[in-house]
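For the sequence shown, this note's numbering assigns the number 31 to the initial residue and increments by one for each residue that follows. A virtual CB, placed ideally from N, CA and C, is assigned to each residue, including glycine. Predicted model only: the values in this text are computed from it and were never measured. Structure first, commentary second.
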Amino acid sequence: MDKGKCIWHDIVSNFFSKRLAVFCVFQFSVLHYYISTVRHFSAVADYPASPWILPFIGQNVYCLFVYGISVVYFYSNIPFLQRHEMYVLMRQGRIRWAVAKALRICISAVMLSATEFALSVLLLLPRIECTVEWGRLYDSLAMTDAGSEHGVKLFFSYELINENSAVKTALIFGIVLCIATGLIGMVMFVLSIYINRTAAVVAGTFFAVLPVVFANLYLSEEWIGFISPLSWLDLLLLYGKVCKRFLSFSQIVLAAAILLPALSAVSLMGIQAKDLSWTNEE
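See the structure below:
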């Protein structure tokens with residue numbers, strides 16, 4: 031029980047940090063740029079907005095890029111070898127310490143995804159309604175050109191609305207967002223152990239840039255989408271509406287069920303052999 035409390039305290043204290051504040055600033059800025067135009071149209075049309083706007087954000091490659099960079103910054107303190115961690119590792123041992131850090135990365139991915147959803151809802155206020163449906167506003171933006179006439183900067187896909195209910199779509203998007211965030215964090219963790227933190231940050235930045243690359247090359251280079259976790263957030267890809275061959279939602283979940291434990295195991299092997307070098311930064 032005490033071990034569980036220690037791990038949870040470590041996760042919470044790490045999550046609510048200056049890095050989270052910077053993450054929120056980045057995300058608030060980019061989401062405000064796009065969502066403020068939706069809120070303005072909501073006022074003009076006199077239609078309230080439903081809370082399920084985040085799946086449409088996932089169709090914008092620039093939002094995905096900024097989210098990726100924000101995630102990389104949040105995880106940039108890996109491999110968590112700050113000097114105060116030395117005493118924690120001495121008490122827990124290398125294996126238990128590394129397991130706790132892998133759990134921190136995965137649970138933080140869920141918490142970052144929840145933060146993203148909360149920010150998107152916050153920016154819709156006060157033009158928001160509590161409903162499980164897509165709502166008249168998004169239907170109008172998807173089925174007419176009113177959005178372009180009023181300067182709405184988000185694209186609202188009728189195919190996305192028509193494929194599933196709003197709640198199911200948001201749930202699928204949320205799960206994929208958690209998976210993509212966690213995978214980036216775990217890859218960075220492994221690389222920071224086996225190579226160094228610079229390599230981890232470079233790899234994370236590579237994953238952040240991939241959605242932009244894929245958006246420009248998907249017609250000829252479909253394979254890029256398979257290695258671009260953030261591109262999976264465009265749910266039309268998962269529904270088979272963009273590429274002839276692409277991962278389905280169930281395949282992404284299966285891949286996560288294999289990759290996350292595998293990356294954790296690789297990190298455990300690496301931490302046992304690593305000659306640890308501690309830093310004085312917070």
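Closer than 7 Å: residue i CB and nearest the ligand COA heavy atom
i           : result
residue 143 : The ligand content of the structure shown is nil, which means the ligand COA is not present either.
Bridge partners - residue i, DSSP secondary structure assignment
i           : result
residue 158 : 79
Nearest to residue i (by Cα), restricted to the options the options
i           : options            : result
residue 303 : 148, 225, 141      : 225
residue 267 : 59, 146, 241, 298  : 241
residue 41  : 139, 95, 75, 106   : 139
residue 169 : 68, 128, 94        : 68
residue 221 : 160, 124, 107, 183 : 107
residue 258 : 35, 95, 48, 66     : 95
residue 75  : 55, 37, 165, 100   : 165
residue 297 : 46, 125, 39        : 125
residue 58  : 73, 105, 151       : 151
residue 131 : 219, 288, 206, 230 : 219
residue 61  : 93, 287, 39        : 93
residue 197 : 162, 179, 238, 230 : 162
residue 64  : 122, 149, 295      : 149
residue 45  : 99, 142, 121, 98   : 142
residue 133 : 37, 233, 270       : 37
residue 190 : 271, 99, 35, 146   : 271
residue 146 : 178, 228, 100, 232 : 100
Residues near residue i by beta carbon distance below 6 Å, same chain, minus five either side
i           : result
residue 50  : none
residue 31  : With a pLDDT of 48 at residue 31, under the threshold of 50, the predicted position of this residue should be treated as unreliable, though the coordinate-derived value follows. Excluding positions up to five away in sequence, the list is empty.
residue 293 : 216, 220
Cβ-Cβ distance between residue i and residue j below 8 Å
i           : j           : result
residue 253 : residue 210 : no
residue 176 : residue 188 : no
residue 182 : residue 71  : yes
residue 159 : residue 109 : no
residue 184 : residue 90  : yes
residue 260 : residue 279 : no
residue 234 : residue 105 : yes
Residue i, DSSP secondary structure in three states
i           : result
residue 39  : helix
residue 134 : helix
residue 300 : helix
residue 90  : coil
residue 185 : coil
residue 164 : coil
residue 275 : coil
residue 153 : coil
residue 363 : The shown model of the chain, from 31 to 312, leaves out residue 363, and the question about it has no answer.
residue 178 : helix
residue 261 : helix
residue 204 : helix
residue 249 : coil
residue 56  : helix
Cut-off 8 Å between Cβ atoms - residues of its own chain near residue i, not counting five sequence neighbours on either side
i           : result
residue 203 : 84, 85, 88, 263, 265
residue 136 : 212, 215, 216, 290
residue 103 : 49, 52, 53, 56
residue 275 : 252
residue 282 : 206, 209, 262, 268
residue 157 : 69, 72, 73, 78, 79
Same chain, Cβ closer than 7 Å to residue i, neighbours up to 5 away in sequence not counted
i           : result
residue 301 : 124, 128, 223
residue 273 : 248, 252, 255, 267
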